[in-house]
Structure formats: structure tokens, C-alpha cells
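When we follow our numbering, the leftmost residue of the sequence shown carries the number 326, and every step to the right adds one.
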Amino acid sequence: MGRNFRAARVYETVRDFLETDVVKRAAGQRPRKPPAWFSAVQMIPPTELLTRPHSIQHSPPDANARRPHNIYRPTKIVYPEDQMRYQFYKDHPWELARPKLLLEHDGKDGRHRDWSKGLRQPGMALSGESVVQRQLWLLENTPGMSVAEAYDAARHEFYKLRQQEDITRRIAVEEARYVGAYFGKGPIQVSMINEDKAYDEWRVWAYGHIQKAAALQEQGSAQVIGTPDVLDVDVDDEGAAAAASEAPAIPQ
Numbered sequence: 326m327g328r329n330f331r332a333a334r335v336y337e338t339v340r341d342f343l344e345t346d347v348v349k350r351a352a353g354q355r356p357r358k359p360p361a362w363f364s365a366v367q368m369i370p371p372t373e374l375l376t377r378p379h380s381i382q383h384s385p386p387d388a389n390a391r392r393p394h395n396i397y398r399p400t401k402i403v404y405p406e407d408q409m410r411y412q413f414y415k416d417h418p419w420e421l422a423r424p425k426l427l428l429e430h431d432g433k434d435g436r437h438r439d440w441s442k443g444l445r446q447p448g449m450a451l452s453g454e455s456v457v458q459r460q461l462w463l464l465e466n467t468p469g470m471s472v473a474e475a476y477d478a479a480r481h482e483f484y485k486l487r488q489q490e491d492i493t494r495r496i497a498v499e500e501a502r503y504v505g506a507y508f509g510k511g512p513i514q515v516s517m518i519n520e521d522k523a524y525d526e527w528r529v530w531a532y533g534h535i536q537k538a539a540a541l542q543e544q545g546s547a548q549v550i551g552t553p554d555v556l557d558v559d560v561d562d563e564g565a566a567a568a569a570s571e572a573p574a575i576p577q
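Rendered as C-alpha cells:
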């Protein structure tokens, strides 16, 4: 069975269709516009090789495997910082809630800074990335230091700087309030107000449902209480009729 080359010849096929449109234009008909990808495929045509190239393998093959698997799948790109970031944000999930600066120049901004001076870097806010880059620098420049030791050293530096930030922020707030500044309600107070409002609305809703349930219960009990009178009347009438029928006839 022959191979199908129509996918590789898509440019030639569309070009032929457009050439027929030139004839239609000469005849006075409206030609069709070329697709958006036409010029791109013209500059970068599809490959002429029908064999799939093997991806670059960054790890030695498994000698015990009987048949190789995923030989055409691209291998994962893994950096040493990935596991460090995962470990830090796993231990400090609330750091993800802090605002981040997403502006980068070449994606390697951390490599252009001097991490030998600590976590404080000019033009860069303190974050988990500072801990990761500091830990990586310690591993590369301190002989005999393990990953856990470098992580603990960078983490303790991070804690000290965070404490300094909290103390500085608290002192600034106290000084501003001393001179008459008013900051309004904080996020915790606003959350408590919203929670109380939702609770009050739920209480009104629950009270209405309780009143409806009580009214339905009273109505049902009234119906149940009224049924024995009807039953008694019916039973008495039926008993009287039965007694009259069973009574002996009076001789005349």
C-alpha cells in the first residue's frame, strides 16, 4: 500500500486552488483569499523525511527493559531549582499568597545577582525565589554541604528577614496611629462582618422554615383529631341499623 503524501503537499494543493482563482478573476468572478497559514508554510515547508526523529535522551537507557518505551516522546526538562521550589512552598504555602513581580528580562534574573551577600538583593523583593537561589549558591560554593543543610541555612536567613519586616511594619502602624492616622477595618474585621451578616440572613431563613413546619404540623394534628368524631358517628349509625335488623319481630 502506497504512502499518503497529501499532508506534506498541502502548500502545493492550496497554491493550485489559488491559481484557478486567477482564472476566475479574469472571468469576472470574485477570487478566494489565501488562508492565514499560506505564507508561513511557504517560508517553512513541511519536512520531507517520513521517519520520526529520536528525541535527545538525557538519561542512559534501561538495560533490563525488553522493549524501549516512549522513544519518540520528548524528555522532561528538569532543573535543580525545581525540587527546591517545591520543598519550600510545600513547607510555606502562605508565601504563595504574597504578591509577585512577574516582570523578567531573560528568565535568569536570579543568576545575575550576587547571592553571596545574603537574601537581600537590590531591586528584588524577598520571596521564596530568594531562598531557592541562596540555597543553590550555598550548594555550589560550600564544599561538603548537603541539600538539607543549605536549605536550613537559607530558611533561617529568610525567617530573620521576615521578622524584621513584620516589626518594621508594626512600628510604622503604631507611629502613624499615634499622630492620628486611621487605617479603617482590616481584612479580618471585614471577614467577621460578612460572616455575621451571612449568619443573620441564615437565621431569618431558618426561622421562616421553622414557622412553616410548625404550621403544617398543627394543621395535620387538627385533621387527625377531627377524624374520630366522624368515625364514632358512622359506627353508631351502623350499630343501630344492625340492631334494628336483628331485633325479633313483635307478634300482632
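Glycine included, each C-beta is placed from N, C-alpha and C at the ideal position.
Query	Result
For arginine 446: DSSP bridge partner residues	Note that residue 446 is glutamine in the sequence shown, not arginine. In the DSSP output, where bridge partners are listed per residue, glutamine 446 has Met449.
Cβ pair methionine 470, leucine 461 closer than 8 Å	no
Euclidean distance between Cα positions of glutamine 548 and histidine 534	21 Å
Close Cβ partners of tyrosine 476 (< 6 Å) along its chain, the five nearest in sequence each way excluded	Gln460
Cβ-based neighbour list, aspartate 554, same chain, cut-off 8 Å, excluding 5 preceding and 5 following	Its pLDDT being 49, under 50, aspartate 554 is placed unreliably in this model, and the value from its coordinates should be taken loosely. Closer than 8 Å at Cβ, skipping near neighbours: no residue.
Three-state class that DSSP yields for leucine 427 in the structure shown	coil
Beta-carbon proximity of methionine 449 to serine 455, cut-off 8 Å	yes
Residue burial classification, alanine 479 (beta-carbon count within 10 angstroms, cutoff 16)	buried
Span of the alpha helix (DSSP H) around lysine 415	405-416
Alpha carbon of histidine 417 to alpha carbon of leucine 428, nearest angstrom	23 Å
Cutoff 8 Å; reference leucine 444; Cβ partners in own chain excluding five residues on either side	Leu451, Ser455, Val456, Arg459, Ala479, Glu482, Phe483 and Leu486
Cβ pair isoleucine 420, glycine 453 closer than 8 Å	A small correction: the amino acid at residue 420 is glutamate; isoleucine does not occupy that position in the sequence shown. Result yes, Cβ atoms of glutamate 420 and glycine 453 sit closer than 8 Å.
Coarse secondary structure for tryptophan 530, derived from DSSP in three states	helix
Separation of methionine 517 from glycine 511, as counted between CA atoms	10 Å
Cβ neighbours of arginine 334 in the same chain (closer than 6 Å, five flanking residues each side left out)	none
Anticipated Cβ contact below 8 Å, arginine 383 with threonine 400, distance rounded	Per the sequence shown, the amino acid found at residue 383 is histidine instead of arginine. Indeed they touch by this definition, with Cβ atoms about 5 Å apart.
Beta-carbon proximity of proline 411 to proline 370, cut-off 8 Å	Before going on, a small fix: residue 411 reads as tyrosine here, not proline. Going by C-beta atoms, tyrosine 411 is not nearer than 8 Å to proline 370.
Local Cβ density within 10 Å of phenylalanine 508, reported as buried at 16 or more and exposed below that	exposed
Alanine 390 versus glutamine 408: straight-line alpha-carbon distance, rounded	28 Å
Local conformation of tyrosine 507 per DSSP, three classes	coil
Neighbourhood of alanine 539 by C-beta distance below 6 Å, restricted to the same chain and skipping five residues each side	none
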